[in-house]
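Numbering (this note's numbering), first residue to last: 27 to 381.
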Amino acid sequence: MPFPGEGREIFEEHRMHVTLTEAAQLLSKGKVVVFPTETVYGLGACADNPRAVETIYEVKRRPRDNPLICHFYSVVQIERYGIVLTSVAQALFSEFSPGPLSLLLDLPPNSPLAPATGGRPTIICRIPNHPVALDLLHLVDVPIAAPSANTSGRMSGTQLDMIEHDLGGRVAGYLDGGAAVIGIESTIVDARRNDQISILRPGVIGKPELTMVLLEALKEGKISALPTIVERAEAETPTPGTRYAHYAPRTVLMGRESNEWGNEKDSVLAYIATDEWLRERGVEPGFGPIQHAGVWYLALGSRHDLLNIARRLYYALYQLDQLALPKACFIAEEWGQTSVGRALHDRIQKILAAH
Ligand code: TXA
Ligand code: MG
């Protein structure tokens, strides 16, 4: 019997909301389900099922050479698949899991998880810090391969309405877990070696946080030396995903510095900016688009609370798209050198480079 919501049009999308048990059943039957994590929603399928994994690529319209992160409920489950954690990986996961850290590790030959990695000898493992995701992983009891829940190239989905708008009837079910609390994707670290680790994708956990934890592990004798931490230039990363355009709204976005006031002559129809920037222009920020003197404004939150900006970034771009304007202006600021500031800088650069 087909699942009730399958193949329905987008206006009936509410029919595709599923319970935790239904989501687990759908996944076990080889279906693709949207599920919550603390970073962004995932578009999940059982990692050991080649046809289910293939469906992720179809739903997401993702290039086939771009492998998928695998989600586990514990380090013990990772090890059950014969994946060996370096002592550095052990130390990082013992502090940051469950959490927004994904580790690139060696995958043994002939692994049942090969469908998710496209036959690569490596796998990216993540233990999400979201109660619904962890319950789902326990129920299914097979690692879930999941890219971010969005059509390839678009913003990662952080709330269900945004994702339903993007993916509609292309998935078998949507499992709600509220708005993602972090809002940008996990940090990816290559942890295959004990003498050197590389940050392949910046996130809210960055070099200072990794260093602190590794220093502690060194003191406790859990690792024998402190590895060098490399922050790789995008071009030399072995994550294929970085080759593709990312995080693009439909609306064409121009970037502008916060100190450039711009002039109304260039007929900007919408600005997306921090609360402070809006206030400087006499606009009181809120959630959602605000119209003021014929121009739309979208508030990202305070420039003094970057975690909140990360949480709102993709959804604000979705709200901008809802206005269906041809063009808008993104006011980029100095986000600073904290890990979240650097991660925001990375995502915003890519957003602005996407068109
Ligand atoms: O926060 C996150 O990490 C979210 C949630 C859903 O967990 N997932 C996510 O997945 O952002 P995705 O597919 O959008 O990004 C995964 C990145 C891609 O750039 C991909 O190329 C890379 O990880 N990747 C996955 N497996 C890999 C592997 N075995 N070797 C190298 N790169 C890999
Ligand atoms: Mg993605």
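Positions of the beta carbon are idealized from the N, C-alpha and C atoms, including for glycine.
Those residues having their beta-carbon less than 6 angstroms away from any non-hydrogen atom of ligand 2 are, in chain order, Pro173, Ser174 and Ser182. In this structure, Gly179 has its beta carbon at no less than 7 angstroms from each heavy atom of ligand 1. When the five nearest sequence neighbours on each side are left out, the beta carbons in the same chain lying within less than 6 angstroms of the beta carbon of Leu304 are those of Pro311, Tyr323 and Ala325, in order along the chain. Restricting attention to Lys376, Leu378, Thr65 and Ala274, the CA atom closest to the CA of Thr177 is found in Ala274.
Nearest neighbour of Asn155 by Cα position, chosen from Ser128, Ile189 and Gly56, turns out to be Ser128. The alpha-carbon separation between Leu46 and Val197 amounts to approximately 15 angstroms. Contact between Phe98 and Val158 does not hold, since their C-beta atoms are separated by about 15 angstroms, which reaches or exceeds 8 angstroms. Considered as a whole, the stretch 283 to 370 harbours 296 to 299, 316 to 318, 321 to 325 and 353 to 358 as its complete beta strand (DSSP E) runs of no fewer than 3 residues, in chain order. A contact is defined here as three or more CB-CB pairs under 8 angstroms, and the stretch 98 to 113 meets this definition with respect to the stretch 132 to 143. Going by DSSP, Glu242 is part of the alpha helix (DSSP H) stretching over Lys233 to Lys245.
Residue state for Gly68 is assigned as strand, using DSSP reduced to three classes. As for any alpha helix (DSSP H) of minimum length 4 sitting wholly inside the stretch 98 to 183, the runs are 101 to 106, 113 to 122, 140 to 143 and 157 to 166, ordered along the chain. Placement of the Cβ of Ser212 at a distance of less than 7 angstroms from at least one heavy atom of ligand 1 is found. At the C-beta level, Leu279 and Leu378 come within 8 angstroms of one another.
Spanning the alpha carbons of Glu283 and Val168 requires a straight line of approximately 46 angstroms.
Within 7 angstroms of the C-beta of Ile95 there is at least one heavy atom belonging to ligand 1. For Gly68, the CB falls within less than 7 angstroms of some heavy atom of ligand 1. Following the DSSP letters along the chain, one finds Asp192 inside the alpha helix (DSSP H) bounded by residues Leu186 to Leu193.
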